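One structure is given here, and the rest of the page talks about it.
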Ligand SMILES: [Zn+2]
Ligand SMILES: [Zn+2]
Ligand SMILES: [Zn+2]
Ligand SMILES: [Zn+2]
């Protein structure tokens with residue numbers, strides 16, 4: 092396997108993209124406070140609680156819909172900003188725009204405290220509802236749930252900052268083989284992951300997929316430059332699966348060359364887990380001289396065996 096590429100010295104900033112609404116059909120946004128008042132008074136004037144229920148639900152849904160940001164379609168959380176004509180926008184989108192996305196007047200820094208108070212009494216769908224989450228939450232609980240929601244999308248695990256793909260777990264492998272076609276897949280529980288030209292200068296990475304037990308595992312060797320002449324290699328096995336799925340397996344890496352053997356056994360990590368850096372993660376770490384001892388003609392062969400945990404050795 093050829094090293095994939097030389098890592099750039101700095102991470103290129105990603106361009107922020109903003110989706111503008113197709114038209115201004117969301118007219119309710121123009122006078123939110125009037126409408127809140129009228130719907131509030133109509134429900135309080137009704138006497139029977141049985142009759143109130145459908146109206147109340149409709150009112151709540153209506154209020155929730157008023158808090159949908161016209162740019163990102165997420166629900167607005169405090170601080171909720173507005174233009175001088177009263178169109179609401181979430182604070183993240185506000186920071187990216189100079190004109191109102193609805194009426195195009197220059198954007199002001201007016202905060203709509205009344206709508207923030209209305210929002211604090213409502214419950215909102217989780218932002219991963221499109222992936223199947225049915226939970227509804229208050230402002231106070233929304234963020235922490237969404238960060239940990241089991242329906243949140245998976246990011247592409249390919250070590251390339253340029254790929255911004257995210258989606259459901261079932262689509263990760265499909266994305267991988269169609270977009271990152273240089274990554275090969277090998278079938279079998281016991282395979283050789285051959286990284287070529289491991290001594291090549293610079294920070295490099297080698298990636299392949301091992302398919303076995305009906306699942307896919309991402310094998311990678313990452314070469315990290317820690318300073319002048321100081322390099323470390325991280326050999327990782329990550330499962331395209333949830334953290335619970337990954338706990339069902341063990342993997343073994345063994346290196347054998349020049350009358351030396353080195354073995355490492357651990358549990359695969361899930362691609363769900365994000366590592367700030369390889370250097371603080373639980374992977375096999377090899378230094379430059381170890382790699383030199385085990386490589387032949389500049390190629391390092393890692394024998395990878397993936398087993399079901401608890402089914403004996
Ligand atoms: Zn927004
Ligand atoms: Zn406006
Ligand atoms: Zn959720
Ligand atoms: Zn990708």
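In the working numbering, the protein residues as written are 92 to 404. Every residue gets a Cβ at the ideal spot worked out from N, C-alpha and C, and that includes glycine. Remember, it's a predicted structure, so these values are computed and weren't measured experimentally.
Taking all protein chains shown into account, do 16 or more other C-beta atoms lie within 10 angstroms of the C-beta of residue i, making it buried, or fewer, making it exposed?
| i | result |
| --- | --- |
| residue 135 | Its pLDDT being 40, under 50, residue 135 is placed unreliably in this model, and the value from its coordinates should be taken loosely. Flag for residue 135 reads exposed. |
| residue 149 | exposed |
| residue 272 | exposed |
| residue 214 | exposed |
| residue 279 | exposed |
| residue 363 | buried |
| residue 292 | exposed |
| residue 156 | exposed |
| residue 285 | exposed |
| residue 337 | buried |
| residue 380 | exposed |
| residue 164 | exposed |
| residue 154 | buried |
| residue 138 | Annotation note: pLDDT 45 at residue 138 (below 50); position unreliable, coordinate value reported separately. Burial call: exposed. |
| residue 203 | buried |
Where does residue i sit, in a helix, a strand or coil, going by DSSP?
| i | result |
| --- | --- |
| residue 148 | helix |
| residue 69 | Nothing can be reported for residue 69: it is not among the residues displayed for the chain, which extend from 92 to 404. |
| residue 229 | coil |
| residue 159 | strand |
| residue 308 | strand |
| residue 387 | strand |
| residue 352 | strand |
| residue 272 | coil |
| residue 174 | coil |
| residue 267 | helix |
| residue 298 | strand |
| residue 198 | coil |
| residue 164 | coil |
In angstroms with no decimal places, state the Cα-to-Cα distance between residue i and residue j.
| i | j | result |
| --- | --- | --- |
| residue 388 | residue 348 | 12 angstroms |
| residue 256 | residue 365 | 15 angstroms |
| residue 351 | residue 275 | 28 angstroms |
| residue 282 | residue 325 | 18 angstroms |
| residue 358 | residue 319 | 32 angstroms |
| residue 230 | residue 306 | 38 angstroms |
| residue 316 | residue 322 | 5 angstroms |
| residue 378 | residue 253 | 28 angstroms |
| residue 210 | residue 158 | 7 angstroms |
| residue 386 | residue 314 | 14 angstroms |
| residue 401 | residue 339 | 8 angstroms |
| residue 191 | residue 250 | 37 angstroms |
| residue 232 | residue 194 | 33 angstroms |
| residue 330 | residue 268 | 15 angstroms |
| residue 332 | residue 176 | 48 angstroms |
| residue 248 | residue 146 | 46 angstroms |
| residue 289 | residue 234 | 43 angstroms |
| residue 152 | residue 226 | 15 angstroms |
| residue 353 | residue 171 | 57 angstroms |
| residue 424 | residue 178 | This structure does not reach residue 424, given that the chain is present from 92 up to 404, and the question cannot be answered. |
| residue 205 | residue 144 | 24 angstroms |
| residue 228 | residue 304 | 38 angstroms |
| residue 160 | residue 277 | 45 angstroms |
| residue 166 | residue 294 | 41 angstroms |
Legend entry - Residues surrounding ligand 1 [beta-carbon distance to nearest heavy atom under 5 angstroms]: 160, 162, 163, 181, 184
Inset, instruction - Count the C-beta pairs between the segment 389–396 and the segment 338–346 that are closer than 8 angstroms, then say yes if the count reaches three, no if not. - result: yes
Legend entry - Stretch pair the segment 262–277 + the segment 296–306: three plus CB contacts closer than 8 angstroms: yes
Legend entry - the segment 216–233 contacting the segment 178–198, beta-carbon criterion three pairs below 8 angstroms: no
Inset, instruction - Specify whether the segment 374–384 and the segment 326–334 touch according to this definition: at least 3 beta carbon pairs, one from each stretch, less than 8 angstroms apart. - result: yes
Inset, instruction - Evaluate contact between the segment 184–195 and the segment 237–244, counting only Cβ atoms and requiring at least three cross-stretch pairs below 8 angstroms. - result: no
Inset, instruction - Please list, in chain order, all residues with a C-beta atom less than 5 angstroms from at least one heavy atom of ligand 2. - result: 174, 176, 178, 191, 193, 194
Legend entry - Environment of ligand 4 in chain order, Cβ to heavy atom below 6 angstroms: 247, 249, 254, 256, 266, 270, 271
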